[in-house]
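Each step along the sequence shown adds one to the number in numbering that gives the first Met the number 0, with nothing skipped, and position 188 is 187.
The C-beta atom is built at its ideal place from N, Cα and C for all residues, glycine as well.
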Amino acid sequence: MSTDQRPPTGPADRPADRPSGDWQGLSPLSVWANTAAGALFIVPAAVVGTVVLVLLDLAWWAAAPLPGALALIAGLTALDMVFLRAVSYRVTGERMEMRSGVLSKAYRSVPRERVRSVDVAAPIYARPFGLCVVTVGTGEQVDAGSDQVKLQYVTAAQGERLRRELLYRGAPAAAEGAGEAPDAEGLELARLDPRWFAYAPATTATLGIGIGALAALIGANAQSEGWIYRWVSEWAGLPSTAEIGAFVMGRLLVVLPVSLLVLLLSGTAVLLAVAVETWWNYRLVREADGTVVMRRGLLNSQSLTVEGRRLNGVTLHEPLVLRSVRGADVRAVATGLGAADDEKTQAKSRLSPPMPRTRARELAADLMRTPESPLDMPLSAHPRAALRRRLVRAGWAALGGFAVAGALAWLHSLAAAAWWETAHEIEERLNPLPVATHLVEATPTWGWWLLGAAFAAVAFWYAVGSHRALGHGLHPRYLVVRRGMAVRDTVTLERAAVIGWRITRTPFQRRAGLAHVSATTASGAGMYTASDVGLSQGLAWADMAVPELLSQFLERDDRSPDRPGPAA
0 MSTDQRPPTG PADRPADRPS GDWQGLSPLS VWANTAAGAL FIVPAAVVGT
50 VVLVLLDLAW WAAAPLPGAL ALIAGLTALD MVFLRAVSYR VTGERMEMRS
100 GVLSKAYRSV PRERVRSVDV AAPIYARPFG LCVVTVGTGE QVDAGSDQVK
150 LQYVTAAQGE RLRRELLYRG APAAAEGAGE APDAEGLELA RLDPRWFAYA
200 PATTATLGIG IGALAALIGA NAQSEGWIYR WVSEWAGLPS TAEIGAFVMG
250 RLLVVLPVSL LVLLLSGTAV LLAVAVETWW NYRLVREADG TVVMRRGLLN
300 SQSLTVEGRR LNGVTLHEPL VLRSVRGADV RAVATGLGAA DDEKTQAKSR
350 LSPPMPRTRA RELAADLMRT PESPLDMPLS AHPRAALRRR LVRAGWAALG
400 GFAVAGALAW LHSLAAAAWW ETAHEIEERL NPLPVATHLV EATPTWGWWL
450 LGAAFAAVAF WYAVGSHRAL GHGLHPRYLV VRRGMAVRDT VTLERAAVIG
500 WRITRTPFQR RAGLAHVSAT TASGAGMYTA SDVGLSQGLA WADMAVPELL
550 SQFLERDDRS PDRPGPAA
């Protein structure tokens with residue numbers, strides 16, 4: 000386990016019991032990389048501030064932002080020079096050590112056998128200087144930042160050498176070059192196919208990005224009480240809000256589809272740009288000792304390295320929209336990729352961009368190195384009682400939807416003309432295109448009930464799909480769990496990596512004879528669950544997956560010797 004403590008003091012600052020080795024500092028160019036990073040944000044903000052002050056006729060104040068920004072950048076550069084001298088690190092045969100701090104000194108020591116992953120990233124502002132950020136993951140998740148040691152910045156050669164020294168247990172710590180490590184090329188498992196970018200917009204965020212941008216503009220206009228739109232309309236000679244509203248209402252059947260198309264196209268453009276930046280130059284390689292290395296990135300080049308012995312399985316990740324176009328991506332179930340929150344854990348575990356589902360399954364099989372892929376084996380279905388549970392929940396959701404629809408229909412019938420006039424006036428102050436209240440006013444009362452019926456249909460469709468997604472199975476080396484409707488995950492986990500079982504049952508599950516059977520592990524999310532499985536079915540699966548781990552808590556049914564039941 001890594002430790003954080005104040006470093007020992009002394010003339011040489013190196014007691015006799017500390018491992019010998021040469022202390023190294025960060026690259027001196029890191030100061031200028033940080034300066035470039037700060038300038039990328041500070042200078043544009045100062046330019047925008049200057050333009051706004053000029054437009055507001057505050058000419059004297061307009062001269063302040065740029066000099067102030069330059070002074071701030073100079074001050075931050077001076078501080079970076081001070082902090083640069085305070086950071087040093089070294090790698091010995093047994094440990095990685097790091098010293099940091101100016102006023103408060105800190106010393107961190109990480110045993111090399113605790114190192115789980117090494118990430119090498121080269122942001123765009125650091126690449127011209129030949130620098131990179133090295134993040135050493137230890138797999139701890141006590142709190143934010145405790146699971147890693149971060150060196151910002153070292154040279155690209157130092158970053159590659161650190162990656163090999165820390166992950167190749169057999170390589171000498173004091174090796175002079177990467178040539179003493181195993182072959183750097185290895186076996187290529189996947190390389191970017193530009194056609195995969197077509198899957199990038201296959202997400203629920205495609206429409207949401209356009210709506211979010213539109214909501215941000217409306218919110219900014221509302222904060223200025225309509226001043227922004229009035230200024231733009233006067234400058235560009237646009238029609239008044241009343242004229243635009245009348246135009247939209249008169250051509251609603253044309254305006255709505257065109258608006259949705261524009262929102263979809265804008266979201267698609269943004270997601271394509273993000274996918275290109277994230278996955279350009281993508282390459283996944285297995286090196287000679289089984290270590291898996293992924294490299295990707297256009298502007299921000301990144302490298303993720305996971306030891307082969309730490310890779311305990313994979314996840315076939317299939318969100319609803321991506322699944323509808325037969326796409327998927329592959330994620331690692333590995334020790335040491337956990338972070339302080341689930342979102343960071345999922346981001347670190349991604350081993351591929353969205354790709355065709357058949358190619359994703361092939362890549363997953365290559366990563367697991369099994370003659371027969373666990374993803375190809377048939378999975379056991381879950382009892383119909385699990386379906387009834389989901390249908391009951393869908394029924395309650397449908398009743399809630401109809402209750403809301405009835406309340407809205409009742410309020411709509413009570414609304415007087417004066418109420419609508421007030422609503423129109425309020426919207427005109429906030430929304431540059433005041434058509435929302437007009438649409439609500441024109442909606443017939445039965446339209447709310449139709450909306451409630453549509454919500455009920457979606458709820459029952461979701462319940463049936465959620466039950467169909469449930470499944471579990473056993474492979475000679477792996478256990479397999481599948482679940483999820485909005486996001487379907489099929490997880491394979493090495494049976495040898497299971498360290499325990501957790502059986503949970505709510506009162507409703509006990510009545511239906513169901514249970515959640517969860518395999519606990521040190522890898523990935525830490526727990527993988529077969530949801531709403533029959534109790535005897537789930538216990539038998541767990542007992543067969545890891546014999547002897549659960550058998551002491553089970554008793555055999557006399558009518559079926561091979562069918563375990565709950566312990567008395």
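Within the continuous beta strand (DSSP E) that includes residue i, where are the two ends?
{"i": "Glu-440", "result": "Segment 435-441 is the alpha helix (DSSP H) holding Glu-440; no beta strand (DSSP E) there."}
{"i": "Pro-110", "result": "105-110"}
{"i": "Pro-318", "result": "310-318"}
{"i": "Val-533", "result": "The sequence as given places Gly at residue 533; Val does not occur at that position. Start and end: 526-533."}
{"i": "Val-486", "result": "486-493"}
{"i": "Gly-136", "result": "130-136"}
{"i": "Glu-591", "result": "This structure does not reach residue 591, given that the chain is present from 0 up to 567, and the question cannot be answered."}
{"i": "Arg-294", "result": "291-295"}
Based on DSSP bridge pairs, tell me the residues matched to residue i.
{"i": "His-466", "result": "Answer is none; His-466 lacks a bridge partner."}
{"i": "Glu-286", "result": "Glu-286 is not bridged to any residue."}
{"i": "Ile-502", "result": "Val-516"}
{"i": "Pro-355", "result": "Gly-326"}
{"i": "His-471", "result": "Ser-379 and Val-480"}
{"i": "Arg-89", "result": "Glu-96"}
{"i": "Gly-24", "result": "Ser-87"}
{"i": "Ala-120", "result": "Val-132 and Gln-301"}
{"i": "Gln-147", "result": "Gly-136"}
{"i": "Ala-331", "result": "Val-313"}
{"i": "Arg-126", "result": "Per DSSP, none; premise fails for Arg-126."}
{"i": "Arg-349", "result": "Arg-330"}
Please work out which residues of its chain come closer than 6 Å, Cβ to Cβ, to residue i, disregarding the five sequence neighbours upstream and downstream, and give them in chain order.
{"i": "Ala-121", "result": "Cys-131 and Ser-300"}
{"i": "Trp-419", "result": "Glu-440"}
{"i": "Ala-511", "result": "Ala-384"}
{"i": "Gly-483", "result": "Ala-468"}
Which residue marks the beginning of the alpha helix (DSSP H) containing residue i, and which one marks its end?
{"i": "Val-50", "result": "29-54"}
{"i": "Val-403", "result": "383-413"}
{"i": "Leu-549", "result": "Unbroken run through Leu-549: none, as it is neither H nor E."}
{"i": "Trp-195", "result": "Run containing Trp-195: none; DSSP gives neither H nor E here."}
{"i": "Ala-496", "result": "Per DSSP, Ala-496 belongs to no alpha helix (DSSP H) and is neither H nor E."}
{"i": "Leu-161", "result": "155-166"}
Mark residue i as exposed unless 16 or more other C-beta atoms lie within 10 angstroms of its C-beta, in which case mark it buried.
{"i": "Pro-64", "result": "buried"}
{"i": "Trp-278", "result": "buried"}
{"i": "Gly-92", "result": "exposed"}
{"i": "Arg-308", "result": "exposed"}
{"i": "Leu-262", "result": "buried"}
{"i": "Arg-325", "result": "exposed"}
{"i": "Pro-353", "result": "buried"}
{"i": "Pro-370", "result": "exposed"}
{"i": "Ile-498", "result": "exposed"}
{"i": "Trp-500", "result": "buried"}
{"i": "Ile-425", "result": "exposed"}
{"i": "Pro-373", "result": "buried"}
{"i": "Val-81", "result": "exposed"}
{"i": "Glu-233", "result": "exposed"}
{"i": "Trp-445", "result": "exposed"}
Near residue i, what residues of its chain come up, given a Cβ to Cβ distance below 7 Å and the 5 sequence neighbours on each side ignored?
{"i": "Thr-203", "result": "Val-320"}
{"i": "Ile-41", "result": "Ala-68, Leu-71 and Ile-72"}
{"i": "Leu-271", "result": "Phe-196, Ala-199 and Pro-200"}
Looking only at its chain, what residues have a beta carbon closer than 8 Å to the beta carbon of residue i, apart from the 5 residues adjacent to it on each side?
{"i": "Ala-396", "result": "Phe-454, Ala-455 and Ala-458"}
{"i": "Pro-27", "result": "Leu-83"}
{"i": "Lys-149", "result": "Val-132, Val-133, Thr-134 and Val-135"}
Worksheet item: For the 8 Å Cβ check, are there 3 or more pairs between the stretch 283-293 and the stretch 99-107?
Response: no
Practice prompt. Flag this pair as touching only if the stretch 410-419 and the stretch 373-390 have three or more C-beta atom pairs under 8 Å; answer yes or no.
Written response: no
Worksheet item: Pairing CB atoms from the stretch 485-500 with CB atoms from the stretch 316-330, are three or more of them under 8 Å?
Response: yes
Worksheet item: Any chance the stretch 250-260 sits against the stretch 157-165, with 3 or more Cβ pairs inside 8 Å?
Response: no
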